[in-house]
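*Asks:*
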Amino acid sequence: MKNFTYHQPTTIAATLPLLDAEWGKTELLAGGTDLLDRQKDYVSQPEKVVSLTGIGGGFREMSSVSPPGVFPPIITIGAGVRLVDIAESKLLAQYPALVQAAGQIAGPQIRNMGTLGGSLCQRNRCWYFRDEHVNCLLKGGRKCFAQEGENQFHAIFTQGHPCVIVHPSTLAPVLIAFGASAEIAGPKGTRTTPVEKLYHAPVKETQREHTLAPNEVLVSVKFSGGGPQFAKFCNASYEVKQKETSDWPLVQAVVAFHFEKDSKIAKGVRVVLGHVAPTPLVSEAAAKSLEGKEVTEANAGLAGEAAVEGARPLSQNRYKVQLLKVAVKRAALLAAGVKPYWEG
Amino acid sequence: MNDSQGEPRGGISRRGFLAGTGAATAVAGVTSELAPATAAQPGAAPAHGPGPVLLQLTVNGQKVNTNVEPRVTLLDALRNYLDVTGCKRVCDRGTCGACTVTVNGRTVYSCTMLALEARGMDIRTAENLGGAKLDAVPAAFVDNDAQQCGFCTPGFVVSLRAALDKNPNATPEQVEAALAGNICRCGTYEQMRHAIVQLCKKGG
Numbered sequence: 102m103k104n105f106t107y108h109q110p111t112t113i114a115a116t117l118p119l120l121d122a123e124w125g126k127t128e129l130l131a132g133g134t135d136l137l138d139r140q141k142d143y144v145s146q147p148e149k150v151v152s153l154t155g156i157g158g159g160f161r162e163m164s165s166v167s168p169p170g171v172f173p174p175i176i177t178i179g180a181g182v183r184l185v186d187i188a189e190s191k192l193l194a195q196y197p198a199l200v201q202a203a204g205q206i207a208g209p210q211i212r213n214m215g216t217l218g219g220s221l222c223q224r225n226r227c228w229y230f231r232d233e234h235v236n237c238l239l240k241g242g243r244k245c246f247a248q249e250g251e252n253q254f255h256a257i258f259t260q261g262h263p264c265v266i267v268h269p270s271t272l273a274p275v276l277i278a279f280g281a282s283a284e285i286a287g288p289k290g291t292r293t294t295p296v297e298k299l300y301h302a303p304v305k306e307t308q309r310e311h312t313l314a315p316n317e318v319l320v321s322v323k324f325s326g327g328g329p330q331f332a333k334f335c336n337a338s339y340e341v342k343q344k345e346t347s348d349w350p351l352v353q354a355v356v357a358f359h360f361e362k363d364s365k366i367a368k369g370v371r372v373v374l375g376h377v378a379p380t381p382l383v384s385e386a387a388a389k390s391l392e393g394k395e396v397t398e399a400n401a402g403l404a405g406e407a408a409v410e411g412a413r414p415l416s417q418n419r420y421k422v423q424l425l426k427v428a429v430k431r432a433a434l435l436a437a438g439v440k441p442y443w444e445g
Numbered sequence: 014m015n016d017s018q019g020e021p022r023g024g025i026s027r028r029g030f031l032a033g034t035g036a037a038t039a040v041a042g043v044t045s046e047l048a049p050a051t052a053a054q055p056g057a058a059p060a061h062g063p064g065p066v067l068l069q070l071t072v073n074g075q076k077v078n079t080n081v082e083p084r085v086t087l088l089d090a091l092r093n094y095l096d097v098t099g100c101k102r103v104c105d106r107g108t109c110g111a112c113t114v115t116v117n118g119r120t121v122y123s124c125t126m127l128a129l130e131a132r133g134m135d136i137r138t139a140e141n142l143g144g145a146k147l148d149a150v151p152a153a154f155v156d157n158d159a160q161q162c163g164f165c166t167p168g169f170v171v172s173l174r175a176a177l178d179k180n181p182n183a184t185p186e187q188v189e190a191a192l193a194g195n196i197c198r199c200g201t202y203e204q205m206r207h208a209i210v211q212l213c214k215k216g217g
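Sequence order for the protein chains is A and B.
Note that this note's numbering numbers the first sequence so that position 176 is 277, with each residue one more than the last.
Note that this note's numbering numbers the second sequence so that position 27 is 40, with each residue one more than the last.
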């Protein structure tokens, strides 16, 4: 990899002046599992690396608050919290989707190294983008090579997207389904934004997969089930992978809703899809399909059918359409507490 | 392609060579590690590098010093600067697990961590399981013939030791899950399973 100068500030305030107003010359380092790979392959060649691992306090902590009448608790997770600590947290009992998603990321070593912020802000895994010798759209080239090339792991919701990557984070769809907000520090102070607004589909070299400015730092995310009192917050994340571990999902579905008191009727349904589009994809159609209904196998299946409406797969990834239907159905059933009868 | 070990990529230009030697001379006397923070901001971080900087690590309980460029990974620092060669360089992309070491008790891919990031931490490698008395984990590997070429073995035994340290009452299934980030291309998984069953019976 190209050599660089290294900084390890111990506060967010001391980090900000080290960042540039434009992408390219400076990179933030958290767990390193994405950045170091890119540097070794010369996909990223920063002149300065600013490590966030020296920052303590809330940046590295997870907290749970339950004001009177609020259930489930409000959770705040610092961007520097390791994936393993999310996967093994006792604070997240009401948020199994997040535990499931974090616990399935890659293998143990990656979960010991990687952070929440890294998961949310990592770069895409398209093999054309990651190839040093391919000058794709996101590296200043004129063409997305996946459109007509090897695209079996790319987007199936491709309409209007010149670049057909899938967003790589499995935690982002969960947090979006939870209605989480992100706290971001920048040169003008701190701002809060819904996690959903952190993402856009990049089309050129000067953009990332997220909407943070180059001189901003993701500090933490906060969420709450936020349902009416005495409601049961139900949520689950389901991924289909080729391999059980150390693999990226082919598709991911996150389903969240409430059961009021003893009701079995799904209210406030949110369905968010991962690894099928250049951003985490909120499926209004699937949510609408399940809203106000009992979460039966038939109704969950209908939500799956609704989720794939409008999919425009590429030449080699039509198979993902069926996988996505199944993933949405199973995520809805898991959220409702149905025993996973599909596990042999 | 091993330039994270400190070699410039694609040959050295005359200008680059001259600049490089100048930098090396400068850092031989004063490493940036020792430079005081000049910025007024609390927590401000001085620049380290791009020339070699002083690196002090605690490896298997011993404090060791060397000088490395910021781009040198923990794996390359251990193997090529500190002669700790138990951890192996195979994929160099955080996938195969041959480079596994523990940092503060947790397994990491040392190929995917900058050496500078490991300062002040307790680093343990496969060497820590050997010495005068062989640790129970490599001993179980020997008993069960749980390796063929043996290249992945240092990573496996480090991951396995960490799993049992984390939970001495782990079931064989839980231990196997903790080894999910290590790959054996010879496919000696079955013998490793026997070793794991033996270790779990003993309670780590």
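We put the CB at the ideal spot given by N, CA and C, even for glycine.
Taking buried to mean at least 16 other C-beta atoms within 10 Å of its own C-beta, is A:R183 buried or exposed?
*Replies:* When all chains shown are included, A:R183 counts as buried.
*Asks:* Less than 8 Å separating the beta-carbons of B:I136 and B:T71?
*Replies:* Going by C-beta atoms, B:I136 is nearer than 8 Å to B:T71.
*Asks:* Contact check, A:T216 vs A:G181 under 8 Å by CB: the rounded distance?
*Replies:* At roughly 5 Å, the Cβ-Cβ gap stays under 8 Å, so A:T216 and A:G181 are in contact.
*Asks:* Can you give me the C-alpha to C-alpha distance between B:D178 and B:A190, rounded to a whole angstrom?
*Replies:* Looking at the two C-alpha atoms, the distance is approximately 15 Å.
*Asks:* By Cβ distance below 6 Å, which residues in the same chain neighbour B:N78 in space, the five residues on each side in sequence not counted?
*Replies:* Taken in chain order, the residues that qualify are Q69.
*Asks:* Threshold first: 3 residues or longer. Then list the beta strand (DSSP E) segments lying entirely within the segment 109 to 175 of chain A, N to C.
*Replies:* Listed in chain order, the complete beta strand (DSSP E) runs (minimum 3 residues) inside the segment 109 to 175 of chain A are 127 to 130, 149 to 152 and 163 to 166.
*Asks:* Does A:I211 come within less than 8 Å of chain B when only Cβ atoms are used?
*Replies:* Yes, A:I211 counts as interfacial toward chain B.
*Asks:* Do you know how far the Cα of B:A159 is from the Cα of A:S325?
*Replies:* Approximately 48 Å, taken between the alpha carbons.
*Asks:* Is the Cβ of B:D105 closer than 8 Å to any Cβ of chain A?
*Replies:* Yes, B:D105 lies at the interface with chain A (some Cβ there is under 8 Å from its Cβ).
*Asks:* Within its chain, find whatever has a CB closer than 8 Å to the CB of A:K426; leave out the 5 residues flanking it on each side and keep chain order.
*Replies:* Within the same chain, A:K426 has close Cβ partners G402, G405, E406, A408 and V409.
*Asks:* Starting from A:P315, trace the alpha helix (DSSP H) in both directions and tell me its first and last residue.
*Replies:* Segment: none, A:P315 is in no alpha helix (DSSP H) and carries neither H nor E.
*Asks:* Against B:G194, what residues of chain A qualify as contacts under a CB-to-CB distance less than 8 Å, listed in chain order?
*Replies:* Correct list: A207, G208, P209, Q210, I211, T346 and S347.
*Asks:* Does DSSP put B:Q69 in a helix, in a strand, or in coil?
*Replies:* Strand, per DSSP.
*Asks:* What are the boundary residues of the beta strand (DSSP E) that includes A:E340?
*Replies:* Here the beta strand (DSSP E) through A:E340 covers K333 to V341.
*Asks:* Let me make sure I understand the geometry here. Which of B:Y202, B:T125, B:E140 and B:V171 has the alpha-carbon closest to that of B:C162?
*Replies:* Ranking the options by Cα distance to B:C162, first place goes to B:Y202.
*Asks:* With a threshold of 8 Å, are at least 3 pairs of Cβ atoms found where one atom belongs to the segment 341 to 361 of chain A and the other to the segment 303 to 312 of chain A?
*Replies:* As far as the Cβ criterion goes, the segment 341 to 361 of chain A does not touch the segment 303 to 312 of chain A, which means the pair count is below three.
*Asks:* If you measure beta-carbon to beta-carbon, which residues of the segment 145 to 168 of chain A are closer than 9 Å to chain B?
*Replies:* Taking 9 Å as the Cβ-Cβ cut-off against chain B, the residues of the segment 145 to 168 of chain A that qualify are E148, K149, V150, V151, S152, T154, G155 and I156.
*Asks:* Relative to the alpha-carbon of A:G393, which residue among A:I366, A:R413 and A:T380 has its alpha-carbon at the smallest distance?
*Replies:* Looking at the Cα atoms, A:I366 is the closest of the given residues.
*Asks:* For the segment 74 to 100 of chain B, enumerate the residues whose C-beta is nearer than 8 Å to any C-beta of chain A, in chain order.
*Replies:* So the list reads E82, P83, R84 and T86, given in the order they occur along the chain.
*Asks:* Looking only at its chain, what residues have a beta carbon closer than 7 Å to the beta carbon of A:H262, apart from the 5 residues adjacent to it on each side?
*Replies:* Within the same chain, A:H262 has close Cβ partners A256, A302 and P379.
*Asks:* Taking contact to mean 3 or more Cβ pairs, one atom from each stretch, closer than 8 Å, check whether the segment 115 to 122 of chain B and the segment 165 to 185 of chain B are in contact.
*Replies:* These segments touch.
*Asks:* Around the C-beta of A:D135, are 16 or more other C-beta atoms found within 10 angstroms, so that it is buried, or is it exposed?
*Replies:* Classification for A:D135: buried.
*Asks:* Using a threshold of 8 Å, state whether the C-beta atoms of A:L129 and A:L153 are closer than that.
*Replies:* Yes, Cβ-Cβ distance for A:L129 and A:L153 is below 8 Å.
*Asks:* Can you tell me whether A:Y229 is helix, strand or coil according to DSSP?
*Replies:* Coil.
*Asks:* What is the C-beta distance between A:Y196 and B:H61, in whole angstroms, given that I count them as a contact (C-beta under 8 Å)?
*Replies:* With a Cβ gap of about 39 Å, A:Y196 and B:H61 do not count as contacting.
*Asks:* Just to confirm the assignment, what range does the beta strand (DSSP E) spanning B:I119 have?
*Replies:* At residue 119 of chain B the sequence reads Arg, which differs from the Ile that was named. Its beta strand (DSSP E) spans residues R119 to Y122.
*Asks:* If you compare alpha carbons, which of A:V151, A:Q109 and A:Q140 is closest to A:T127?
*Replies:* It is A:V151.
*Asks:* What's the gap between the Cα of A:S282 and the Cα of A:V322?
*Replies:* Roughly 6 Å between the two C-alpha positions.
*Asks:* Buried or exposed for A:S347, going by 16 or more other Cβ atoms inside 10 Å?
*Replies:* Burial call: buried.
*Asks:* Could you tell me whether any Cβ in chain B is nearer than 8 Å to the Cβ of A:P110?
*Replies:* So, interface residue.
*Asks:* Quick check: A:V372 and A:S384, are their CB atoms within less than 8 Å of each other?
*Replies:* Yes, these two residues count as a Cβ contact at 8 Å.
*Asks:* Classify A:V322 as helix, strand or coil using the three-state DSSP reduction.
*Replies:* Reduced to three states, the DSSP call for A:V322 is strand.
*Asks:* How big is the Cα-Cα spacing for A:G204 and A:E345?
*Replies:* About 12 Å.
*Asks:* Using the Cβ count rule (16 or more neighbours within 10 Å means buried), how would you classify A:G333?
*Replies:* First, the residue type needs correcting, since residue 333 of chain A is Lys and not Gly in the sequence shown. Its Cβ being crowded by 16 or more others within 10 Å, A:K333 is buried.
*Asks:* Using a Cβ cut-off of 8 Å, pull out every chain A residue sitting near B:G110, in sequence order please.
*Replies:* Result: G208 and Q210.
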